Structure formats: structure tokens, C-alpha cells
Amino acid sequence: MAKGIEVAKPTGKLGVLLPGMGAVATTFITGVVAVRRGLGQPIGSLTQMGTIRLGKRTEKRIPKIKEFVELADLNDLVFGGWDIFPEDVYSAALKAGVLKKDLLDQVKDEISQIKPWKAVFNKNYVKKLDGDWVKQATNKYEYAQLLMEDIQNFKEKNKLDRLVMIWCASTEVFLKKHEVHETIESFEKAMKENHPAIAPSMIYAYAAIMSGVPFANGAPNLTVDIPALTELAKEKVVPIAGKDFKTGQTLMKTIIAPGLKARLLGLHGWFSTNILGNRDGEVLDDPESFKTKEESKLGVLDYILQPHVYPELYQGFYHKVRINYYPPRGDNKEGWDNIDIFGWLGYPMQIKIDFLCRDSILAAPIVLDLALFLDLAQRCRMKGIQEWLSFYFKSPMCAPELYPEHDLFIQLMKLKNTLRYIKGEELITHLGLEYYD
Ligand SMILES: NC(=O)c1ccc[n+]([C@@H]2O[C@H](COP(=O)([O-])OP(=O)(O)OC[C@H]3O[C@@H](n4cnc5c(N)ncnc54)[C@H](O)[C@@H]3O)[C@@H](O)[C@H]2O)c1
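Every number in the numbering used here is 105 more than the matching position in the sequence shown, counting from 1.
Structure (C-alpha cells):
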């Protein structure tokens with residue numbers, strides 16, 4: 106057996122910092138508290154319910170992931186966060202309308218105690234929102250210092266051993282990489298000069314990394330996916346991951362597209378549209394925030410299907426993604442996909458998907474897994490981009506010379522092999538010839 110990585114034990118409490126305490130964050134927090142009290146099951150969470158095969162199939166060693174690697178216990182999680190509205194988690198969850206009031210009431214004593222701190226917010230980056238629970242400072246560097254004070258106070262007050270930060274705030278307008286994002290020096294200078302290329306999410310990410318706190322980005326914003334911050338993360342030995350939680354329609358895409366490619370079925374076009382009525386839907390109703398989301402959603406098929414490798418099957422397929430804000434649906438989105446495929450001798454076929462999903466129900470376990478795995482990564486002294494967490498993202502971050510891996514099954518294999526590697530277990534290749542010698 107290989108040696109594995111030395112992993113510090115998850116002793117004491119783990120603080121989970123959440124910029125943005127809306128539908129996803131409150132569903133996550135309420136869910137963890139409910140699970141702790143035996144009121145529900147952590148369905149959809151790999152860290153809580155997933156297993157991992159070790160060694161040969163004949164050995165029948167299939168422990169739960171949480172028994173194989175040492176993860177923080179749910180009872181040791183403490184939640185904190187920021188929002189532009191001052192409502193506590195109970196009130197915000199009621200407003201989000203994802204979980205039933207009956208469940209919220211059963212944990213109200215605990216979740217109503219969690220109140221967001223004032224946010225770093227600028228309406229130029231989220232045009233559809235306006236809130237007054239916001240910090241005041243003269244420049245973006247000072248805003249970062251204020252966030253770092255919040256982090257430090259939270260740590261001291263709750264006697265926390267470690268922290269992680271998961272961005273669950275609204276999608277910001279589309280930003281391209283700018284030269285001020287190149288180095289940490291140019292980034293800090295731009296913060297002090299209030300440069301427009303520094304979005305609020307970048308200020309949170311900077312504050313996290315400077316505080317030694319791992320950071321994951323659940324939205325499609327550029328945020329931590331810029332050289333200045335990926336370098337800073339390496340320098341400070343802080344793991345980072347992103348971007349954009351892979352839930353609903355894109356999750357389905359990354360399940361189905363690898364199957365089509367595996368069977369060498371061609372694709373003429375893939376049209377995806379959906380209706381949703383939560384605040385996220387309202388924010389995405391602004392074309393500039395939608396552009397950020399669209400870029401994140403469109404990349405997936407090209408990377409999975411590789412038209413340059415399979416021109417007869419995938420060259421020039423038509424791909425369209427629409428999001429329609431439709432208030433009556435709230436968080437209960439409906440997503441339709443029409444997929445025009447072709448088979449033997451070019452004969453056309455169609456696949457239709459109608460996915461009545463619940464966005465935040467799919468996202469909450471991702472927040473939990475990212476919190477626990479990023480904490481594990483930090484205890485292993487893993488730093489910078491954590492590509493093995495691509496499984497959770499629509500636009501996985503990767504090294505500049507690589508293309509991202511989008512295939513859900515390859516992503517899962519990568520994640521589990523990383524856990525085997527950490528523990529010094531043999532990696533699984535699925536060759537299996539030895540069973541027939
Ligand atoms: N639910 C999903 O399935 C899913 C999937 C992928 C990505 N996401 C992304 O996750 C994020 C959260 O989604 P949601 O459904 O919870 O949205 P939401 O609108 O319910 O919550 C976002 C919260 O962030 C707050 N906010 C905005 N800017 C802020 C700032 N600068 N600082 C602090 N708080 C700020 C808002 O006031 C709001 O309460 C969105 O960016 C969304 O695009 C969600």
C-alpha cells in the first residue's frame with residue numbers, strides 16, 4: 106500500500122461562513138440542524154451517505170466515505186454569514202419558501218439565532234437587488250479588512266478550530282479577466298483604488314484566503330478564478346474551488362451527454378429552457394447576471410462531446426439555454442430539454458426531459474460536501490485549485506494549461522481516487538484482468 110498523506114485530525118469546531126444567506130444557504134443550515142436532531146436524512150450528500158470501494162472487488166471492502174476519511178462531524182459545524190438583508194435564518198428560510206414551515210418551526214430555537222452580518226455589496230454588480238444591511242468603507246481594501254474582522258470575531262466568539270467559506274450569494278454581472286487580476290500586487294492596488302474590475306465576491310474571497318480560510322464559489326462569478334487569487338491561495342496554503350454549483354438542468358446534461366458520447370450517438374441540437382420564481386431567478390432576469398450564468402452553462406457540452414475529436418457526430422451542434430423568471434413557481438423550478446440526436450446511418454431521434462426539480466434541495470448537500478471536503482483538503486495541506494472537487498461545479502476550475510473535466514462519472518472517479526490517494530489505498534482503474542488469470 107502507498108504511503109498516503111498525513112492528515113491532521115478534525116478536532117474542535119468547524120465554522121462554515123456563508124456570504125449570501127438566501128434559499129441555498131438557509132436550506133443547507135436548516136438541513137444540517139434537522140439531520141443532527143434526527144428530523145431528516147442528508148440525502149444527496151456524498152460525505153454523509155456515499156461509500157467507497159477499496160482494493161479488489163473480491164475483498165468486499167466498501168466503507169462509508171465518512172468512515173474512510175476523517176471529516177468534521179455535523180455536530181461540530183457552526184454557521185455564520187453575511188447578507189444585504191438583516192433577517193435571521195429562520196425568517197429568511199420562511200421567505201425563501203423551500204422548506205415547510207412545520208420543519209422550520211421544529212428547529213426555530215437554533216436557526217433564528219443565526220443572523221447575518223452586514224454585507225459588502227454594490228448594486229452595480231447585482232442590478233436587481235437592493236438592501237441596506239451593508240458595510241460602509243472608503244475603498245475595497247478596507248471592506249476586505251472589515252470582513253476579516255468579522256471572520257476573526259466569529260472564530261474567537263465560538264472558539265472555532267477551523268473555518269471554510271462557501272459563496273452562496275447572488276450571481277454578479279459578467280466580468281472578464283482584467284489585467285488588475287494578474288498579480289496579487291495589482292489586485293491589492295486595484296482594491297485600494299476602487300477599481301470596477303474588483304467585484305464584491307472577490308473581496309470576500311480575498312478576505313477568506315488572507316485569513317487562511319478555504320473558499321468555494323457556488324455562483325458562476327469570476328471571483329476566485331483569477332491568477333491573483335489562485336496564486337495567493339497557493340502562497341497561503343489555502344484550498345479553493347469553483348464555480349457554480351452543479352444542480353438541476355446542468356446536472357442532467359453531464360449525466361446524459363457522456364452516455365450519448367459513450368454510444369457514439371450524434372447530436373444536432375440541445376435546447377434547454379426553464380422557469381423558476383425564486384430570488385435567484387429574479388437576479389438572473391437581468392441580462393448581465395444571466396450572461397454570467399449562460400457562459401457557465403454553455404461550456405459543458407463542448408467539453409464533454411469534444412467536437413474536434415468527433416467532427417462527424419458533434420461539429421456545429423446547436424446549443425441554447427434559456428432561464429425564465431416566473432414567480433408562481435418559487436424555488437420549484439421546471440426545466441425542459443429537447444435533445445435532437447442521430448444514430449446508425451444518420452437516422453434522427455429525440456429525447457425530451459421534463460425535470461421538476463427543487464434547486465435548493467439539490468444545492469444544499471453540495472454546500473455540505475464542499476465544506477467538509479475543503480476542510481479535509483486543508484488538513485492535508487492541499488493548496489490552490491482543488492480539481493478533484495469538479496464533481497460539484499458547472500464550470501470547474503482547473504490549471505491554466507488544462508481543459509475542465511465535465512463528465513460527472515469521470516469527476517466522481519477523480520474525487521474517490523483522490524480520497525484513496527490521501528489514505529494511501531490503491532487507485533481503482535477498473536482494469537480487472539487479474540480476476541481472469
Ligand atoms: N440553487 C441552485 O441550485 C444553484 C445552483 C447553482 C448556483 N446557484 C447560485 O447560488 C447562489 C445562491 O442561490 P439562492 O437560490 O440561494 O439565491 P438567493 O437569491 O435566495 O440568495 C442569495 C442571497 O445573497 C444575498 N446577497 C447578494 N449579494 C450579496 C453580497 N454581496 N453579500 C452578501 N449577500 C449577498 C441576497 O440578498 C440573497 O439573500 C446564486 O448565485 C445562484 O446562482 C444556485
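Beta carbons: idealized from backbone N, C-alpha and C, even for Gly.
Keep in mind it's a predicted model, so treat the numbers as computed, not measured.
State buried or exposed for residue i, treating a residue as buried only when at least 16 other CB atoms are found within 10 Å of its CB.
{"i": "N379", "result": "buried"}
{"i": "F184", "result": "buried"}
{"i": "D178", "result": "exposed"}
{"i": "E254", "result": "exposed"}
{"i": "L543", "result": "The structure shown has nothing for residue 543, since the chain only spans 106 to 542."}
{"i": "N326", "result": "buried"}
{"i": "Q483", "result": "buried"}
{"i": "P453", "result": "exposed"}
{"i": "A201", "result": "buried"}
{"i": "P505", "result": "exposed"}
{"i": "E277", "result": "buried"}
{"i": "P433", "result": "exposed"}
{"i": "T116", "result": "exposed"}
{"i": "T243", "result": "exposed"}
{"i": "V414", "result": "exposed"}
{"i": "F514", "result": "exposed"}
{"i": "A295", "result": "buried"}
{"i": "A364", "result": "Residue identity differs from the one stated: residue 364 is Gly in this sequence, not Ala. Label assigned to G364: exposed."}
{"i": "H535", "result": "exposed"}
{"i": "I490", "result": "buried"}
{"i": "L538", "result": "exposed"}
{"i": "D237", "result": "exposed"}
Have a look at the options and flag the residue whose alpha-carbon is nearest the alpha-carbon of residue i.
{"i": "P501", "options": "L520, W238 and R484", "result": "L520"}
{"i": "L473", "options": "V140, T359 and F447", "result": "V140"}
{"i": "I256", "options": "I428, L123, G489 and I466", "result": "L123"}
{"i": "E284", "options": "A224, F447 and L334", "result": "L334"}
{"i": "V269", "options": "I360, Y309 and Q354", "result": "Y309"}
{"i": "L151", "options": "Y540, R486 and L477", "result": "L477"}
{"i": "F133", "options": "C503, K488 and I471", "result": "I471"}
{"i": "L209", "options": "L365, E340 and L144", "result": "L144"}
{"i": "I219", "options": "V121, K245 and K297", "result": "V121"}
{"i": "I345", "options": "T135, P191, P147 and I271", "result": "I271"}
{"i": "M154", "options": "L176, R162, E164 and R142", "result": "L176"}
{"i": "Y195", "options": "M126, V174, R158 and V231", "result": "M126"}
{"i": "D266", "options": "D542, D385, A468 and D181", "result": "D181"}
{"i": "H424", "options": "I458, P305 and H373", "result": "H373"}
{"i": "Q146", "options": "A469, L538 and L403", "result": "A469"}
{"i": "L337", "options": "I303, V203, E293 and S377", "result": "E293"}
{"i": "S291", "options": "P332, I314 and A362", "result": "P332"}
{"i": "T131", "options": "K206, K228 and F173", "result": "K206"}
{"i": "I409", "options": "K396, L356, S394 and K398", "result": "L356"}
{"i": "I444", "options": "W375, D214, R162 and E261", "result": "W375"}
{"i": "G435", "options": "L406, I466, F422 and I458", "result": "I466"}
{"i": "I157", "options": "K396, D542, L481 and L517", "result": "L517"}
{"i": "A304", "options": "A224, E111, E340 and N258", "result": "A224"}
{"i": "Q354", "options": "I216, V426 and P509", "result": "V426"}
Under the three-state reduction of DSSP, which class applies to residue i: helix, strand or coil?
{"i": "F514", "result": "helix"}
{"i": "P453", "result": "strand"}
{"i": "G537", "result": "coil"}
{"i": "D430", "result": "It should be pointed out that residue 430 corresponds to Tyr in this sequence rather than to Asp. In this structure, Y430 counts as strand in the three-state DSSP scheme."}
{"i": "P124", "result": "strand"}
{"i": "I148", "result": "coil"}
{"i": "G136", "result": "helix"}
{"i": "E492", "result": "helix"}
{"i": "K521", "result": "helix"}
{"i": "F279", "result": "coil"}
{"i": "K528", "result": "helix"}
{"i": "T116", "result": "coil"}
{"i": "A130", "result": "helix"}
{"i": "D545", "result": "Nothing can be reported for residue 545, as the shown portion of the chain is limited to 106 through 542."}
{"i": "A482", "result": "helix"}
{"i": "I446", "result": "strand"}
{"i": "T163", "result": "helix"}
{"i": "A313", "result": "helix"}
{"i": "A321", "result": "strand"}
{"i": "D542", "result": "coil"}
{"i": "L461", "result": "strand"}
{"i": "E284", "result": "helix"}
{"i": "T335", "result": "helix"}
Closest Cβ-Cβ distance between residue i and chain B: below 8 Å?
{"i": "G160", "result": "Note that chain B does not occur in the displayed structure, where there is just one protein chain."}
Using 7 Å as the cut-off, classify the Cβ of residue i as near or not near the heavy atoms of ligand 3, replying yes or no.
{"i": "I189", "result": "Because ligand 3 does not appear in the structure shown, any question about it cannot be addressed here, the ligands present being ligand 1."}
Exercise. Could you give the uninterrupted runs of the beta strand (DSSP E) lying entirely in the segment 236-273, keeping only those of 3 residues or more?
Worked result: 265-272
Exercise. Which runs of the beta strand (DSSP E) spanning at least 3 residues fall entirely within the segment 167-225, listed in chain order?
Worked result: 182-188
Problem set entry | Minimum length 3: unbroken beta strand (DSSP E) runs contained in the segment 343-424 | 344-346 and 371-381
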